[in-house]
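Number of protein chains: 2
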Amino acid sequence: MTATRTARERARAELTQEIKDEARRQLAEVGAHGLSLRAVARELGMVSSAIYRYFPSRDRLLTDLIVDAYNAIGEAAEKADPGTGDLRERWLAIWLGTRDWARAHPHEYALIYGSPIPGYAAPQETVVPASRVALALVKVLTHTELRAVDGEVPPELRAQAEALTKVLGIIAGPETVARLLMAWTQLFGAISFDLFGQYVGSVDPADAFFAHSAKRMAEFVGL
Amino acid sequence: MTATRTARERARAELTQEIKDEARRQLAEVGAHGLSLRAVARELGMVSSAIYRYFPSRDRLLTDLIVDAYNAIGEAAEKADPGTGDLRERWLAIWLGTRDWARAHPHEYALIYGSPIPGYAAPQETVVPASRVALALVKVLTHTELRAVDGEVPPELRAQAEALTKVLGIIAGPETVARLLMAWTQLFGAISFDLFGQYVGSVDPADAFFAHSAKRMAEFVGL
DNA sequence: CGCTGTCAAGAGCGGTGCTCTCTATTTTGT
DNA sequence: ACAAAATAGAGAGCACCGCTCTTGACAGCG
Chain A
22 MTATRTARER
32 ARAELTQEIK
42 DEARRQLAEV
52 GAHGLSLRAV
62 ARELGMVSSA
72 IYRYFPSRDR
82 LLTDLIVDAY
92 NAIGEAAEKA
102 DPGTGDLRER
112 WLAIWLGTRD
122 WARAHPHEYA
132 LIYGSPIPGY
142 AAPQETVVPA
152 SRVALALVKV
162 LTHTELRAVD
172 GEVPPELRAQ
182 AEALTKVLGI
192 IAGPETVARL
202 LMAWTQLFGA
212 ISFDLFGQYV
222 GSVDPADAFF
232 AHSAKRMAEF
242 VGL
Chain B
22 MTATRTARER
32 ARAELTQEIK
42 DEARRQLAEV
52 GAHGLSLRAV
62 ARELGMVSSA
72 IYRYFPSRDR
82 LLTDLIVDAY
92 NAIGEAAEKA
102 DPGTGDLRER
112 WLAIWLGTRD
122 WARAHPHEYA
132 LIYGSPIPGY
142 AAPQETVVPA
152 SRVALALVKV
162 LTHTELRAVD
172 GEVPPELRAQ
182 AEALTKVLGI
192 IAGPETVARL
202 LMAWTQLFGA
212 ISFDLFGQYV
222 GSVDPADAFF
232 AHSAKRMAEF
242 VGL
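So, in structure tokens, the structure goes:
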């Protein structure tokens, strides 16, 4: 266990990365459905059985790709946030940055926000990366007093909202938390509808509608 | 071409239905990904090649299942609407009815609102069934004056909204149409997040949150 | 009856995930 | 320095998949 790895360890890390890169390329061509370890191996010039030294199963490779995708879209959201300035502009920037990443990586987006893969249960390690976009949105709201939004909240939802308030560390009433969840739903609902073709025939292209939605939802949560 | 079919024709129609039913059962077990014509045939006691007499390809069977699913969720939405009475209650009923169908048929829901299937292009025949839920929502609004909602709408979105106004035959300003689209997005965004597990850790179970969202979106569109 | 169209059956092609064994090479402990 | 242990790739093989092709049995109808 030295600081400088052995030649074998370096080769292994490199090849592992190459396998993931090639898998992502195939994901863009044939989707998660058609992702084939044999094809990845073939493209990399290795024999099919050899790839199992690096990923013990197709599912394990998928999990790694999923975690990478959650981190990538989360990082895109965080980087889109200027961090200072007008809060509504920061909010909009995060929405646009998130959508831009999704449009640039539609198959990776579908991997994380599309249909669940049957027989595949997302391991625990995906939950933290999965929350990064939502946390970026919440961060915009933490240092300001939100315009109060009114509305009755049923007890069941109130309890869930209050539990979330503690986790997120924000000062907001249950109705505001509920609206924040709706905004989060709207963000990914709109991206999914756009990418999955449901807007064809109504708002296609959806750029103007998406930016409009972002602004309306900013108002909606009290920003 | 007589009204009463021959024995052959009746047997064929029955077997076609049996194949679709068995395919739906398998969809629930292994998803669209794992749907296998051979397995369907095996389960029905026929040899694998025989099934191609009924469905020329796996994709053709998928298309039929997709059209059936769109029609089923559309019919669920329409039947949930009492048709008369308080408009906000009708709106809520449609939201709940749509979600109920989705929760009862999660794999069929994923088939139509989940990730697009790579290499599969939805044929034209799917677009009319796909719009039935949205039309059920619009129908609630057609015989009332909506509370005016204000807001600036950029020209690009305004043009799309006005084109939609004509198609839908409703009397509503561009901002209202945009909000209607947002409500439609919210409806399926929330159902997808619920079914696909994104609400785990925040609002799970999501029943209270979903009903709350429905009511807030009713207000939001001016109902 | 015999023709025509429909049907199930079976073999076969090239692909898949995955396992096993065998051999070559590198790393590690003494 | 050298042998033992760990790791690497290669290849064969299993059971499955979608799909195609051919063959032989049967029903409907003139």
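Residue numbers (this note's numbering), protein chains in the order written: chain A, 22 to 244; chain B, 22 to 244. Where a beta carbon is used, it is the ideal one built from N, C-alpha and C, also for glycine.
The three-state secondary structure of Ile191 of chain A, taken from DSSP, is coil. Distance from Thr119 of chain A to Ala97 of chain A at the Cβ level is roughly 6 Å; contact confirmed, criterion being Cβ atoms closer than 8 Å. Cβ proximity to chain A below 8 Å picks out nothing from the segment 73-94 of chain B. The alpha-carbon separation between Val170 of chain B and Arg237 of chain B amounts to approximately 14 Å. Using a Cβ-Cβ distance cut-off of 8 Å, the segment 222-234 of chain B and the segment 171-178 of chain A are in contact, since at least three pairs of beta carbons, one from each stretch, lie closer than that value. Look at the segment 203-234 of chain A: the residues with a C-beta under 7 Å from a C-beta of chain B are Met203, Thr206, Gln207, Phe209, Gly210, Ala211, Ser213, Phe214, Phe217, Gly218, Gly222, Ser223, Val224, Ala229, Phe230, His233 and Ser234.
Residue-level contact check: Glu50 of chain B touches chain A, since one or more beta carbons of chain A fall below 9 Å from its beta carbon.
Nearest C-alpha to His233 of chain A among A:Leu208, A:Gly243, A:Ser213 and A:Gln219: A:Leu208. Taking a contact to require three or more Cβ pairs closer than 8 Å, the segment 124-133 of chain A and the segment 203-223 of chain A qualify as touching. Under the Cβ criterion (8 Å, minimum of three pairs), the segment 78-93 of chain B counts as touching the segment 44-58 of chain B. Distance from the CA atom of Trp112 of chain A to the CA atom of Thr206 of chain A, rounded to whole angstroms, is 15 Å. Between the segment 155-168 of chain B and the segment 180-194 of chain B, the count of C-beta pairs closer than 8 Å reaches three or more; the two stretches touch. Membership of Gln38 of chain B in the alpha helix (DSSP H) is indicated by the continuous run Ala28 to Gly55. With contacts defined by Cβ atoms closer than 9 Å, Val221 of chain A and Pro139 of chain B do not form a contacting pair. Sequence-ordered contacts of the segment 139-166 of chain B with chain A read Pro139, Gly140, Ala143, Val148, Ala151, Ser152 and Ala155 [C-beta pairs closer than 9 Å]. Distance from the Cα of Ala114 of chain A is smallest, within the candidate group A:Leu158, A:Arg200, A:Ala180 and A:Arg179, for A:Leu158. Ser57 of chain A has a beta carbon lying at 9 Å or more from every beta carbon in chain B. Within the segment 94-127 of chain A, contact with chain B at the beta-carbon level (separation under 7 Å) is assigned to no residue.
In the displayed model, Arg124 of chain B falls within a helix according to three-state DSSP. Close to Leu178 of chain A, with beta-carbon spacing below 8 Å, are these residues of chain B in chain order: Val224, Ala229, Phe230 and His233. When 7 Å is used as the limit between beta carbons, Leu185 of chain A is near these residues of chain B: Ser223, in chain order. By the criterion of a C-beta distance shorter than 7 Å, Val154 of chain B is surrounded in its chain by Ile94, Gly95, Ala98 and Thr119, once the five residues flanking it on both sides are discounted. Where Pro150 of chain A is concerned, the enclosing alpha helix (DSSP H) starts and stops at Val148 to Ala151.
In this model, Leu65 of chain A and Ile40 of chain A are separated by some 8 Å (Cα to Cα).
Residues of chain B whose Cβ lies closer than 7 Å to the Cβ of Ala199 of chain A are, in chain order, Phe230 and His233. The beta carbons of Arg79 of chain A and Leu108 of chain A sit no closer together than 9 Å.
The alpha-carbon separation between Ser69 of chain A and Ala62 of chain A amounts to approximately 5 Å. With respect to the C-alpha of Leu202 of chain B, the residue from B:Gln219, B:Gly218 and B:Gln181 having the closest C-alpha is B:Gln181.
Against Val174 of chain B, the close residues of chain A are Ala229 and His233, in the order they occur along the chain (beta-carbon pairs closer than 9 Å). Ser136 of chain A belongs to the set of residues whose beta carbon lies under 9 Å from a beta carbon in chain B.
Proximity of chain B to Gln38 of chain A at the Cβ level (cut-off 8 Å) is not reached, the minimal Cβ distance being about 24 Å. DSSP places Leu65 of chain B outside both helix and strand once states are collapsed to three, so it counts as coil. Closest in alpha carbon position to Tyr141 of chain A, among B:Phe217, B:Ile72, B:Asp102 and B:Tyr141, is B:Phe217. The beta carbon of Ala53 of chain B sits closer than 9 Å to some beta carbon of chain A. Taking each of A:Glu196, A:Ala28, A:Gln219 and A:Val149 in turn and checking the Cα distance to Val242 of chain A, the smallest one comes out for A:Glu196.
Scanning its chain for C-beta atoms nearer than 7 Å, with the 5 sequence neighbours on each side dropped, one finds around Thr186 of chain A the residues Ala193 and Val198, in chain order.
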